[in-house]
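Note sheet for the following structure.
Number of protein chains: 2
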Amino acid sequence: MSFEAAVHAKALQLDHLCLEMCATAGSGHPTSALSLGHLATVLLYHTMRWVPDDPRYPTSDRLVLSEGHAVPLIYAACADLGAVIGTGERRRPMTTNDLATLREADSALEGHPSPMEGFPFFDAATGSLGQGLSIAAGLAVAARRDGLDRRIYCLIGDGESREGQIAEALDFIADQKLSSVLPIFNCNGYGQADAVSEQQSPASLARKLEAAGFEAITIDGHDPAAIRDAFDRFIANSQSGELTAVVAETVKGWGAESLQGGGWHGKPPTGEKLQEAHEELNATGVGLTSSLVSDELKIYPPNEHTPVELTISEPMSFADAMSHYDLETVFKSGRLATRKAYGLALRVLGHANPNVFALDGDVKNSTFAEWFANDPELSDRFLECKIAEQNMFSVAVGLSAAGKVPFCSTFSKFVTRGFDQIEMAINSGANLKIVGSHSGITPAADGPSQMGLPDVAWFRSWTTVRGHGGNPGCYVLQPADAFAAYALTLAMAEYDGVCYLRTVRPDVEFIYNDATVFNLGNLEVLTKGRDLLIISAGYMVHECNKALDGLDKAGIDATLVDLYSIPFDVEVLLDLANENGGNILTVEDNYGGGIGSAVADAVADSGDAFTIEQMCVRRIPKSARTEEDILRLCGLHHTDITRKAANMLGLVGV
Amino acid sequence: MSFEAAVHAKALQLDHLCLEMCATAGSGHPTSALSLGHLATVLLYHTMRWVPDDPRYPTSDRLVLSEGHAVPLIYAACADLGAVIGTGERRRPMTTNDLATLREADSALEGHPSPMEGFPFFDAATGSLGQGLSIAAGLAVAARRDGLDRRIYCLIGDGESREGQIAEALDFIADQKLSSVLPIFNCNGYGQADAVSEQQSPASLARKLEAAGFEAITIDGHDPAAIRDAFDRFIANSQSGELTAVVAETVKGWGAESLQGGGWHGKPPTGEKLQEAHEELNATGVGLTSSLVSDELKIYPPNEHTPVELTISEPMSFADAMSHYDLETVFKSGRLATRKAYGLALRVLGHANPNVFALDGDVKNSTFAEWFANDPELSDRFLECKIAEQNMFSVAVGLSAAGKVPFCSTFSKFVTRGFDQIEMAINSGANLKIVGSHSGITPAADGPSQMGLPDVAWFRSWTTVRGHGGNPGCYVLQPADAFAAYALTLAMAEYDGVCYLRTVRPDVEFIYNDATVFNLGNLEVLTKGRDLLIISAGYMVHECNKALDGLDKAGIDATLVDLYSIPFDVEVLLDLANENGGNILTVEDNYGGGIGSAVADAVADSGDAFTIEQMCVRRIPKSARTEEDILRLCGLHHTDITRKAANMLGLVGV
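Protein sequences appear in the order of chains V and L. Residue numbers for the first sequence follow the numbering used here, beginning at 75 and rising by one. Residue numbers for the second sequence follow the numbering used here, beginning at 75 and rising by one.
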């Protein structure tokens, strides 16, 4: 049997399985899957070096299925090859019987790819479109760093390629010269609702790829030899460091004419329609049914992997780091911005842990990731992602899948660009660290387009969910001073999961020291009183501290808690509230839904009666020249806090 | 004086003003502004047809400053020209004295462009990068619809052009053949932290623009004649329907050599450095100081605008609409998905209000925006934005600025892609309607990559803030049935501001009728009891309704509230809670921070003692074949609700 015939026979076999499994599931996208039949067959049965026994083998080539809805085709191939699924004691080779469980509640065969429900073939969850190529790029960066000869294939839908993140990923791949990544555009001509735009036609995509510096190879995506030759060309190019992309012209519902055109996206045929599709497929492969096994379809194993023992050392203390990096004068000044302490911690971590990567979006001199970037021993683990945040977060997901510990920093306002990507990171079980600087209202003069305002509420939503490992979907961390920022950055690195560290621009006074222990999920009592519990975090802790002076003069003995982590220890907080007459005042420099709501949730849950007042940003801010101006404008100046607290306790005119 | 000399003299004048105002403000981006001096001078003093007396005159050409940080240059020109600033009684011509107020708390001169603080020259807030070109496209669509000969100029930074949204906008402009938009890439070679990537070099940008179907004209961005000629070429092209873009090679800190290179982003020189910069600038313009006025710099007025009286009629009732569009059989079935009722309402609205536009992201057959799109009388107001949500939301901002009422729909999961754009829309005072379908966990089989899960918490954060008009920054609307979805869609259209309507996939039973009145900010009591207040919304209202049966059998007399709006009437809700023994159970099909927290906030604020339990999605969902399966998996099945409610009241084993 020739290579062509073998591929065709195998693709047909997988296509039949796709139709069958989607019909059984009653949902899925069989026509998208059929458009991938030949491409995926050549990849999985010929070009990719991998071992079905161990789909995550460290040196194996990787496939990122960016167009996640086409996943039935991959399930069919993995079932045919007996690829291992399940985790722990449930690990076992897959069989074609498994395909009937597609999309069931206890099945590893998710509707869209996910490694977290028992399908280790994939590195990350996909299905929200446009993210796969960035993930592939992250895997490639990690492989290069580890000296592994891995190639990363990424299948991208043509409709999907409209997502701007694809353009961001192409630019990143070009900047980083990641010739080991092959973007393969599956141009079947149809999105969900309609034909794709002329802008996503094979010709237009090829022009755009060439403009971005790729050799764009346009092929018939159902021609086995053309596919193989294109992949061979990529392999040759990748060895000489040139960038390649494949533009494959395919047919949605290939082989099953009655399913072609625009009407069958996400609709599995059943009954007579299914039978008709099977017969149409069969008609394309007359004479191929005798033997599907062929020497032509040989899977080549990856190189033997020699594990490297990495030494992770204990990072030095903040005081030592300040001294070590010639910042003693600053240290003695007793003031430092939390963003700078983050930069310092990142640099120290970079030396202590060779897995730590830093990614930034053209603001490294604002986030202070530059202290990592500019260190010659670390600069090869710094990735300048430029002004393209979506790509940055998904690259980090790829890095994480390869065992790295990526820290992504930008203004917290611009973190917003990547919230879909971050959610997919959480769904992927990624070990992602997000650091948003210039949070809250203290970027004052720049105005609201540069301020992170709903960020605490948004990240908090994920803290309410248990991730696959049982931990919170996310931790929100708000350091109030440089000691806290330093310690929490180190704590993030030790923790396996998604964290959001919220830093601010202004220099603030030290309130802690190296003896203070900061743990995810904890809080710190700064002042202990008995009349009122003030709960704050980050920059506003300082404003609250000033307010305490005013309250003291008014004879109010308040407790001040630095709630630097969400989630936090609810019991401890409620005990403190009870010790303070049940009077709680929360103070934040962000929109509602953050700490105030977290405390309200906890209090409501307790069923006890408390009096809570929430101070937060209740108007859209505008520019103001100083921090004092903006605090006054938003009613969050320390005198506002004093007044509100006094009013709560029945004192007027303080 | 020649045109060249006149432009040069004027640019110099503006450049000096920029340096001065940033020095006074103590912040700002003078070097970015200086790179725009000649481009903006030719635009504002020659090419653009506009009237400084009335910067928003309906037929005037528009300038969208996507690279918002360069705004001092525009302020300088507007001050020089006496452009009107302020609103209402504070409207007055600007003077150069105003420049000294840059970034002050009571100044209209925001750090980044905003029309909402008294600077009507701009149509929308910019400053979070990469969004301006989409806004420009929206303005152009509106102008075409209104038959106005407006041209839309958009200044884009080279670093900024890395944002994938720029690629999305170019594709959209090409799809829509918006030849009246001119993207002008200001290639000064530097981002914030560093030089821009080779991928954003003038040559690379020009290649990419050509690949996207634009004639890319590369010019020296400080050569007045070259600028004028490029703009003239654009005008000619736009008349013949061809797409044009300008790639302008510029110098960051042009004219002030001591400020050039990478070190001066966002840093205003003061003192001696300022003096040096002024002197350097002066040296470039020897002999030009005599007269800055020249016939060469004549601003051409826009065409006279003849207001058109639009007839907005009363939309028909839901029952009438179902009948009118031959859906009587469905109506009699008593079941319809809220997404379909939205589609119907959108279609009815399209006929009733000629300002209504519908935008969708290649899922119109899922969101049911297709009922608008496929109506031949409405299809020219339907914009298929393809799989590029960021662009969709910003296009809507442009439409809104031109007086349109844009409805943007996609899966609520994919709305996430545009949260930064939506925040900028809120900051812009835009009249944006967002409709997220397939919300919550009921997309079951597709898995979490297709589910809107933190959406309620995220949008709720904006509801806690007052916008510029005093209304909430956003309304979150969750219709429980088709009547509610229909009525709330109509209510959204009547309201001026941002709303998020959350629809779900499954067909659900009717629980309302056309007599029910739905108002933003209200709630509906479905069942009145005395033991327990159950609060829910959307799909979960039906699950709660079923739970009531179980509770009834257990002798529990519960109240059920459909909290279809956030914000809501807190007083009414607390009264209901008190009538139900202070026992509250919230039930949601989303992650925490939504209704449960909104109620907890309200309760906490009241200071009374209530017992609240929150049921929401507390794990990352996975695929499950049926709605029943996924509800059980997430502990939100009606039997779970019954059990929880009974436990709250001390009954075990129900």
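Every residue gets a Cβ at the ideal spot worked out from N, C-alpha and C, and that includes glycine. Since we're looking at a predicted model, the values are computed, not measured.
Practice task
Would you kindly check if the distance between the Cβ of lysine 326 of chain V and the Cβ of tyrosine 264 of chain V is under 8 Å?
Solution key: Within the first sequence, numbered from 1, the residue matching residue 264 of chain V stands at position 190. Within the first sequence, numbered from 1, the residue matching residue 326 of chain V stands at position 252. Taking 8 Å as the Cβ cut-off, tyrosine 264 of chain V and lysine 326 of chain V qualify as a contacting pair.
field: Runs of alpha helix (DSSP H) lying entirely within the stretch 222 to 272 of chain V, each at least 4 residues, in chain order
entry: 238 to 249
**Q.** Span separating the alpha-carbon of asparagine 721 of chain V from that of cysteine 92 of chain L
**A.** Looking up residue 721 of chain V in the first sequence gives position 647. Looking up residue 92 of chain L in the second sequence gives position 18. Asparagine 721 of chain V and cysteine 92 of chain L: Cα-Cα distance of roughly 46 Å.
Excluding the 5 residues flanking aspartate 588 of chain L on each side, which residues of the same chain have their C-beta closer than 6 Å to its C-beta? As a working mapping, residue 588 of chain L is identified with position 514 in the second sequence. The answer, listed in chain order, is Ser391, Phe392, Ala393.
- prompt: At a CB-CB cut-off below 8 Å, which residues of chain V make contact with arginine 699 of chain L?
  reply: Along the second sequence, read from residue 1 onward, the residue named residue 699 of chain L stands at position 625. Within 8 Å Cβ-Cβ: Ala99, Gly100, Ser101, Arg177, Glu178, Ala179.
What residues in its chain sit with their C-beta under 6 Å from that of glutamate 94 of chain L, if we drop five residues either side in the sequence?
Here residue 94 of chain L is taken as the residue at index 20 of the second sequence, counted from 1. Answer for glutamate 94 of chain L: no residue qualifies.
Quiz prompt | Interface residues of the stretch 377 to 398 of chain L facing chain V [CB-CB below 8 Å] | solution = none
task = Please compile the residues from chain L whose C-beta is within a distance smaller than 8 Å of the C-beta of methionine 498 of chain V.
result = Your numbering for residue 498 of chain V matches position 424 in the first sequence. Here the neighbours are Ser523.
Would you call threonine 441 of chain L buried or exposed, if buried means 16 or more other Cβ atoms sit within 10 Å of its Cβ? Here residue 441 of chain L refers to the residue found at position 367 of the second sequence. It is buried - the Cβ of threonine 441 of chain L has at least 16 other Cβ atoms within 10 Å.
message = When you compare the CB of valine 691 of chain V with every CB in chain L, is at least one pair closer than 8 Å?
response = Position 617 of the first sequence holds residue 691 of chain V. By this cut-off, valine 691 of chain V is an interface position.
Assign alanine 683 of chain L to one of two classes, buried (16 or more other C-beta atoms within 10 Å of its C-beta) or exposed (fewer than that). Walking along the second sequence from the start, residue 683 of chain L turns up at place 609. Exposed, because fewer than 16 other Cβ atoms sit within 10 Å of the Cβ of alanine 683 of chain L.
- Who are the neighbours of phenylalanine 684 of chain L on chain V, taking C-beta pairs under 8 Å? The count along the second sequence starts at 1 and reaches residue 684 of chain L at position 610. By Cβ distance, chain V contributes Ala678, Gly681.
Which full runs of the alpha helix (DSSP H) of 4+ residues lie inside the stretch 476 to 520 of chain L, going along the chain? 486 to 489, 493 to 501
Secondary structure, beta strand (DSSP E): runs of 3+ residues fully inside the stretch 121 to 176 of chain V: 136 to 139
Fill in: Amino acids of chain V, ordered along the chain, whose beta-carbon sits closer than 9 Å to that of aspartate 631 of chain L
As a position in the second sequence, residue 631 of chain L is number 557, starting the count at 1. None at all; the shortest Cβ gap to chain V is about 20 Å.
* Residues of chain V with a CB under 8 Å from the CB of methionine 536 of chain L: which are they? -> Against the second sequence, residue 536 of chain L aligns to sequence position 462. The identity of residue 536 of chain L in the sequence shown is tryptophan, whereas the question assumes methionine. Those within 8 Å of tryptophan 536 of chain L in chain V are Pro528, Tyr665.
query = So what does DSSP say about glutamate 331 of chain V, is it helix, strand or coil?
reply = Here residue 331 of chain V corresponds to residue number 257 of the first sequence, with the count starting at 1. It is helical.
Residue burial classification, alanine 174 of chain L (beta-carbon count within 10 angstroms, cutoff 16): Within the second sequence, numbered from 1, the residue matching residue 174 of chain L stands at position 100. Burial call: exposed.
For this session: With a cut-off of 8 Å on the beta carbons, I'd call tyrosine 665 of chain L and valine 691 of chain L a contact; round off their distance for me.
Result: Position 591 of the second sequence holds residue 665 of chain L. Position 617 of the second sequence holds residue 691 of chain L. Sure, about 5 Å apart at Cβ, within 8 Å.
Any 3 or more C-beta pairs closer than 8 Å across the stretch 671 to 689 of chain L and the stretch 639 to 654 of chain L:
yes
What does DSSP give as the partner residue(s) for glutamine 688 of chain L in the beta ladder? Working through the second sequence from its first residue, we reach residue 688 of chain L at position 614. According to DSSP, which records beta bridges pairwise, glutamine 688 of chain L is partnered with L:Thr660.
What distance in whole Å lies between the Cβ atoms of leucine 600 of chain V and leucine 634 of chain V, which are believed to be in contact at a cut-off of 8 Å?
Position 560 of the first sequence, counting from 1, holds the residue named residue 634 of chain V. Position 526 of the first sequence, counting from 1, holds the residue named residue 600 of chain V. Sure, about 4 Å apart at Cβ, within 8 Å.
Review point. What is the rounded straight-line gap between the Cα of serine 134 of chain V and the Cα of phenylalanine 193 of chain V?
Key: Along the first sequence, read from residue 1 onward, the residue named residue 134 of chain V stands at position 60. Along the first sequence, read from residue 1 onward, the residue named residue 193 of chain V stands at position 119. Each residue's alpha carbon lies about 16 Å from the other.
**Item:** Separation of serine 486 of chain V from alanine 565 of chain V, as counted between CA atoms
**Value:** Residue mapping note: residue 565 of chain V aligns to position 491 of the first sequence, counting from 1. Residue mapping note: residue 486 of chain V aligns to position 412 of the first sequence, counting from 1. Whole-angstrom Cα-Cα distance: 20 Å.
Give the residues of chain L in contact with asparagine 501 of chain V, contact being defined as C-beta atoms less than 8 Å apart. Here residue 501 of chain V is taken as the residue at index 427 of the first sequence, counted from 1. Per Cβ cutoff of 8 Å: Pro522, Ser523, Ile694.
Taking isoleucine 148 of chain V as the reference, which of V:Leu118, V:Arg225, V:Thr98 has the closest Cα? The sequence position of residue 148 of chain V within the first sequence is 74, counting from 1. Selected option, being the one with the closest Cα: V:Leu118.
Exercise for the section: Would you kindly check if the distance between the Cβ of aspartate 529 of chain L and the Cβ of arginine 576 of chain L is under 8 Å? Expected result: Taking the first residue of the second sequence as position 1, residue 576 of chain L is located at position 502. Taking the first residue of the second sequence as position 1, residue 529 of chain L is located at position 455. Cβ atoms of arginine 576 of chain L and aspartate 529 of chain L: closer than 8 Å.
What does the alpha-carbon distance come out to for the pair histidine 90 of chain L and leucine 139 of chain L? Walking along the second sequence from the start, residue 90 of chain L turns up at place 16. Walking along the second sequence from the start, residue 139 of chain L turns up at place 65. Approximately 20 Å, taken between the alpha carbons.
Between the alpha carbons of serine 697 of chain L and tryptophan 338 of chain V, how many angstroms are there, rounded?
Along the second sequence, read from residue 1 onward, the residue named residue 697 of chain L stands at position 623. Along the first sequence, read from residue 1 onward, the residue named residue 338 of chain V stands at position 264. C-alpha separation (whole angstroms): 21 Å.
message: Excluding the 5 residues flanking isoleucine 704 of chain L on each side, which residues of the same chain have their C-beta closer than 6 Å to its C-beta?
response: For the purposes of this step, residue 704 of chain L is taken as residue 630 along the second sequence, with counting starting at 1. These residues qualify, in order along the chain: Ile515, Ala518, Ala698.
**Prompt:** According to the Cβ coordinates, are alanine 447 of chain L and lysine 438 of chain L closer than 8 Å?
**Reply:** As a working note, residue 447 of chain L is residue 373 in the second sequence. As a working note, residue 438 of chain L is residue 364 in the second sequence. Yes; because the gap between Cβ atoms is below 8 Å, this pair is in contact.
Could you list which residues in chain V have their beta carbon closer than 8 Å to that of glutamine 707 of chain L, in chain order? Numbered from 1 along the second sequence, position 633 holds the residue referred to as residue 707 of chain L. For the record, residue 707 of chain L in the displayed sequence is leucine; it is not glutamine. Those within 8 Å of leucine 707 of chain L in chain V are Ala179.
query: Enumerated in chain order, which unbroken segments of the alpha helix (DSSP H) with a length of 4 residues or greater are wholly contained in the stretch 362 to 434 of chain L?
result: 392 to 398, 402 to 407, 412 to 426
(Q) Can you tell me whether valine 591 of chain L is buried or exposed? The criterion is at least 16 other CB atoms within 10 Å of its CB, across all chains shown. (A) The residue you call residue 591 of chain L lines up with position 517 of the second sequence. Answer is exposed; the Cβ neighbour count stays below 16.
Check: For leucine 600 of chain L, which of helix, strand or coil comes out of DSSP?
Finding: Taking the second sequence and counting its residues from 1, one reaches residue 600 of chain L at position 526. Of the three classes helix, strand and coil, the one that applies to leucine 600 of chain L here is strand, per DSSP.
### Task
Inspect the beta-carbon positions of glycine 503 of chain V and proline 189 of chain V and report whether they are closer than 8 Å.
For this step, residue 503 of chain V is matched to residue 429 along the first sequence. For this step, residue 189 of chain V is matched to residue 115 along the first sequence. Yes; because the gap between Cβ atoms is below 8 Å, this pair is in contact.
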